[in-house]
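Asker: Sharing a structure here in structure tokens format.
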Amino acid sequence: MKRLAVAAMALLLGSCTAAAPAPGAPAGASARRPTNLNLGLCFRPSEYNNYNIGDLRTIYISTRRGYVYRLITEEDCFKPETDRISLARQRLGERDVCIGDMIQISTSGWRGGAAGSCLALVSGLTRDSRESGLWSRQD
Numbered sequence: 318m319k320r321l322a323v324a325a326m327a328l329l330l331g332s333c334t335a336a337a338p339a340p341g342a343p344a345g346a347s348a349r350r351p352t353n354l355n356l357g358l359c360f361r362p363s364e365y366n367n368y369n370i371g372d373l374r375t376i377y378i379s380t381r382r383g384y385v386y387r388l389i390t391e392e393d394c395f396k397p398e399t400d401r402i403s404l405a406r407q408r409l410g411e412r413d414v415c416i417g418d419m420i421q422i423s424t425s426g427w428r429g430g431a432a433g434s435c436l437a438l439v440s441g442l443t444r445d446s447r448e449s450g451l452w453s454r455q456d
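This is the structure in structure tokens:
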């Protein structure tokens, strides 16, 4: 009976041990799978920290994680006098905005110029700083 109790205890303790790190991971790394945020597939509008206007329908935004995203609108949204933008999720209740999602962009012009609002498609990541004019991660 004592052996059965010891075997049961060993089995329980064995199931409580931490999972081993993924092969090739540094020592002490957790075995968690990377999230879409860590892979750069999604971002949070609150992480946006800089932008550069490509043309009247294209804007590039950078995030604190170092990724640069290309956003494309169907209408001429970004005038030369645009000096501020803000981003908002299109779908309420969603925390992240991912590639392929729509996002609401509000613009305001220099010295009280006309404010506007438009929908943009998050078309993808860009790593070419010559294209976006913004520094981006190269991993």
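My numbering numbers the first residue of the sequence shown as 318 and each following residue consecutively. C-beta atoms are modelled at their ideal positions from N, C-alpha and C, and glycine is treated no differently. Since the model is a prediction, treat every value here as computed from it, not as a measurement.
Counting along the chain, where does the beta strand (DSSP E) carrying L436 start and finish?
Answerer: G433 to L442 is the extent of the beta strand (DSSP E) around L436.
Asker: Using CA coordinates, which residue listed in E411, G371, E398 and S363 is at the minimum distance from R387?
Answerer: The shortest C-alpha separation from R387 is found at G371.
Asker: For a test of the three-state rule: what should DSSP assign to P340, helix, strand or coil?
Answerer: With a pLDDT of only 46 at P340, under 50, the local geometry of the prediction cannot be trusted, and the value read off the model is given with reservation. Coil.
Asker: L451 and Y377: beta carbons closer than 8 Å?
Answerer: Yes, the Cβ-Cβ distance between L451 and Y377 is below 8 Å.
Asker: Ignore the nearest five residues each way along the sequence and tell me which others in N353's own chain have a CB closer than 8 Å to its CB.
Answerer: Same-chain partners within the cutoff: C359, D413 and C415.
Asker: Which residue's Cα is closest to the Cα of F395: E411, T443 and S425?
Answerer: Of the listed residues, the one whose Cα sits closest to F395 is S425.
Asker: For I389, tell me which candidate among R454, S440, S446 and R447 has the shortest Cα-Cα distance.
Answerer: When only C-alpha atoms are compared, the closest one is S440.
Asker: Confirm, please, whether the CB-CB distance from P362 to L468 is below 8 Å.
Answerer: Because residue 468 is not part of the residues shown, which for the chain are 318 to 456, the question remains open.
Asker: Taking the beta carbon of A327 as the centre, do at least 16 other beta carbons fall within 10 Å, making it buried, or is it exposed?
Answerer: With a pLDDT of only 48 at A327, under 50, the local geometry of the prediction cannot be trusted, and the value read off the model is given with reservation. It counts as exposed.
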